[in-house]
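Here the structure comes first, spelled out in structure tokens, and everything after it is commentary.
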Amino acid sequence: MNRRKLLTGGAALAVTGAVGVASWRHATGTRSAYDRYQDDLRANLAQDPSVTELIRYATLAPSGHNTQPWRITAQGSEIRITPDFLHRTPMVDPDDHHLYVSLGCLAETLAIAGTATGRPGKVETAGTGLRYIYSQSAAKPDALFQAIPKRQSTRAAFDGREIPATVLAELADAVETPDVQLSLLAERAHIDRLRDLVLAANDDQMADPDFLSELLTWLRFNPDQAMTRGDGLYAAASGMPILPTRLGRIAFDMAFTGPAERTRYARLIDSTPCIAILTGKSADPASWIAVGRACQRLALTATTLGLRTSFINQPVEVARFRPDLADIAGTPGRRPDLVMRLGYGPEMPFSPRRPTGRVITK
Numbered sequence: 003m004n005r006r007k008l009l010t011g012g013a014a015l016a017v018t019g020a021v022g023v024a025s026w027r028h029a030t031g032t033r034s035a036y037d038r039y040q041d042d043l044r045a046n047l048a049q050d051p052s053v054t055e056l057i058r059y060a061t062l063a064p065s066g067h068n069t070q071p072w073r074i075t076a077q078g079s080e081i082r083i084t085p086d087f088l089h090r091t092p093m094v095d096p097d098d099h100h101l102y103v104s105l106g107c108l109a110e111t112l113a114i115a116g117t118a119t120g121r122p123g124k125v126e127t128a129g130t131g132l133r134y135i136y137s138q139s140a141a142k143p144d145a146l147f148q149a150i151p152k153r154q155s156t157r158a159a160f161d162g163r164e165i166p167a168t169v170l171a172e173l174a175d176a177v178e179t180p181d182v183q184l185s186l187l188a189e190r191a192h193i194d195r196l197r198d199l200v201l202a203a204n205d206d207q208m209a210d211p212d213f214l215s216e217l218l219t220w221l222r223f224n225p226d227q228a229m230t231r232g233d234g235l236y237a238a239a240s241g242m243p244i245l246p247t248r249l250g251r252i253a254f255d256m257a258f259t260g261p262a263e264r265t266r267y268a269r270l271i272d273s274t275p276c277i278a279i280l281t282g283k284s285a286d287p288a289s290w291i292a293v294g295r296a297c298q299r300l301a302l303t304a305t306t307l308g309l310r311t312s313f314i315n316q317p318v319e320v321a322r323f324r325p326d327l328a329d330i331a332g333t334p335g336r337r338p339d340l341v342m343r344l345g346y347g348p349e350m351p352f353s354p355r356r357p358t359g360r361v362i363t364k
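Here our numbering is used: the first residue of the sequence shown is 3, the next is one more, and so on.
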């Protein structure tokens, strides 16, 4: 649900000239091919979709580093969601917090899409995962359902416009569960305090070679790599230039520096009119799943209101900053779970997804 900066556009153009346009395209793929790939991934559901199509929609949910750490089994009127621990990120998420939040995001998306297309049901815990048990009923599409293929994590600066009080109230109403507390920061002094915390935590991460090594494994530097892998952080989705994979790795080592990232995150947060902090009632997988469900409802609600969202979870991920984050959120003594930027901004290229055939197990 993050990151990062690679190479300046001028440097990328210089390398393009040296390599040759045809060779470059062969090594990277094209934006037009990626656009067609995304059109298929995010195609609207038919009036009576198959379960496989319903699962495709559910997997448009966000996940940490876009790892998509889930396996899905469908049998009868039950869809089971279980963790895929092969997609763990132990450096940034050693206790699998983000993994379980991601399962919650997927489950909420599935429930919204199921109700909208005539398969309403209930999400329940089942072992280390979840199950969605549904029945057949009349379709009830709503605004959140329509927002599913449009939602994205926008890793770009917002335009700085303030969010009206009426819109903030709708965002607050989106998190209806007593299991999750939503704290909305809309005053600049509070946002500045949060910014300083994010920057300090980001400095810690940038000084950790294991964190950087793990991050690199999830970066996708070009359309071909993103489509082939179907996961990870697509460079163009962060406004970065497309590079052949080998050159992208070199550029990462050269240009991805602590000072550059500090400047970039300061700019992102300074352009942000509202920040949401979500805090569950306890620090365990069941609570993290509940936070994920609330997070997805908030993100989809924001999308219906014309807002963009993205995550700035550094002070969650670096444990020593959590108490200060809890104080900012007004939840002292508790562990905050997620930090989200909300604002008005551009649509960016969408992140990749693995095809349902690689997600559904028999």
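Every residue, glycine too, gets a C-beta built ideally from N, C-alpha and C. All figures in this text were calculated on a predicted structure; none of them were measured in a lab.
Where residue 263 is concerned, the enclosing alpha helix (DSSP H) starts and stops at 260-272. In the three-state DSSP reduction, residue 279 falls in the strand class (E or B). Under DSSP, residue 185 shares a beta bridge with 279. In the assembly as shown, residue 140 is an exposed residue. Its beta-carbon has fewer than 16 other beta-carbons within 10 Å. A contact between stretches requires three or more CB pairs, one per stretch, nearer than 8 Å, and the stretch 306-321 fails this requirement with the stretch 124-135. In the assembly as shown, residue 349 is an exposed residue. Its beta-carbon has fewer than 16 other beta-carbons within 10 Å. Judged by DSSP in its simplified three-state form, residue 228 adopts helix. Rounded to the nearest angstrom, the gap between the Cα atoms of residue 328 and residue 338 is 6 Å.
If you draw a straight line from the Cα of residue 265 to the Cα of residue 273, it is about 13 Å long. Exclusion of the five residues before and after residue 62 leaves 43, 44, 111, 150, 151, 153 and 355 as the residues of its chain whose Cβ lies within less than 8 Å of its Cβ. In the three-state scheme derived from DSSP, where H, G and I count as helix and E and B as strand, residue 165 is classed as coil.
Residue state for residue 131 is assigned as strand, using DSSP reduced to three classes. Around the beta carbon of residue 77, fewer than 16 other beta carbons sit within 10 angstroms, so the residue counts as exposed. By the Cβ criterion, the stretch 191-205 is in contact with the stretch 270-287, since at least three pairs of Cβ atoms, one from each stretch, lie closer than 8 Å.
Here DSSP, grouped into helix, strand and coil, assigns residue 72 to strand. Fully contained in the stretch 31-119 are the following beta strand (DSSP E) runs of length 3 or more, in chain order: 72-77 and 80-85. A straight line joining the alpha-carbon of residue 86 with that of residue 363 spans about 11 Å. Around the C-beta of residue 79, fewer than 16 other C-beta atoms lie within 10 Å, and the residue is accordingly described as exposed.
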